[in-house]
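Numbering (our numbering), first residue to last: 82 to 277.
Positions of the beta carbon are idealized from the N, C-alpha and C atoms, including for glycine.
Structure first, commentary second.
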Amino acid sequence: MFTLPPLPWAENALEPVISANTISFHYGKHHKTYVDNLNNLVKGTEYESAPLEKIINETAGKADKAGIFNNAAQVWNHTFYWNSMRSGGGGKPSGKIASMIDAAFGSYDNFKKELSTACVTQFGSGWGWLVQDGSALKVVKTANAEVPFTKGQKPLLTIDVWEHAYYLDQQNKRAAYVDAVIDKLLNWDFANKNLG
Ligand SMILES: [Fe+2]
């Protein structure tokens with residue numbers, strides 16, 4: 082049985098950018114539903130007690146396993162997203178990732194612009210990511226439940242750009258949500274920890 086992992090902070094910790102109300106629905110309803118759906122879909126199959134990452138890698142791109150892939154990846158993506166944010170985060174990074182950002186993008190400001198643009202131009206539902214691809218850092222976007230590690234890219238941080246992530250707080254203003262997450266919430270300690 083897969084379980085809903087606890088949030089790394091209190092539901093109101095990301096206010097005023099992300100309200101407790103949004104977290105309550107996003108975590109308590111959306112994330113939980115992906116966990117419940119996954120448990121129902123893998124019951125009695127070879128995936129029942131497999132690690133989440135293995136399920137995601139083995140079902141990616143397989144039309145007959147789309148239901149399992151979508152729910153497993155959304156469970157993983159949301160847990161990664163919660164950890165990608167913290168109260169008092171955002172802004173310029175520190176640690177090893179700071180020099181890697183400068184090397185890959187030229188400056189923090191260039192990185193910020195690239196991540197924001199990726200998030201805002203993802204058509205429909207999806208995710209914006211900072212990933213490590215070999216030794217290089219890249220910004221990528223994925224649609225729906227897709228996750229970069231199935232293509233060999235190591236996720237470092239993510240921003241959920243499904244409407245359920247911001248509609249209660251910012252309504253249709255995805256750019257306002259994305260920029261506020263980048264400026265005030267990104268957890269650079271988590272990104273540093275994820276570097277391989
Ligand atoms: Fe979400």
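Say yes only if the C-beta of Y258 is nearer than 8 angstroms to one or more non-hydrogen atoms of ligand 1, and no if none qualify. no
Taking Cβ positions, are F230 and E129 nearer each other than 9 angstroms? no
Contact the segment 195-210 vs the segment 169-182: 3+ CB pairs below 8 angstroms: no
Can you check DSSP and say which residues form a bridge with I240? G209
Report the rounded CA-to-CA distance for D183 versus K232, giving the unit in angstroms. 24 angstroms
For K235 versus C200, is the C-beta spacing smaller than 9 angstroms? no
Cβ contact (3+ pairs, closer than 8 angstroms) linking the segment 95-111 and the segment 239-252: yes
Below 8 angstroms, is the gap between the Cβ of A154 and the nearest heavy atom of ligand 1? no
Would you grab the beta carbon distance between T239 and G277 for me? Rounded to a whole angstrom, and I think it's under 8 angstroms. Actually they are not in contact, since the Cβ atoms of T239 and G277 sit about 16 angstroms apart, beyond 8 angstroms.
Should L249 be flagged as near chain D, meaning a C-beta pair shorter than 9 angstroms? Of the protein chains in this structure there is only one, and it is not chain D.
Helix, strand or coil at L267 according to DSSP, with G and I counted as helix: strand
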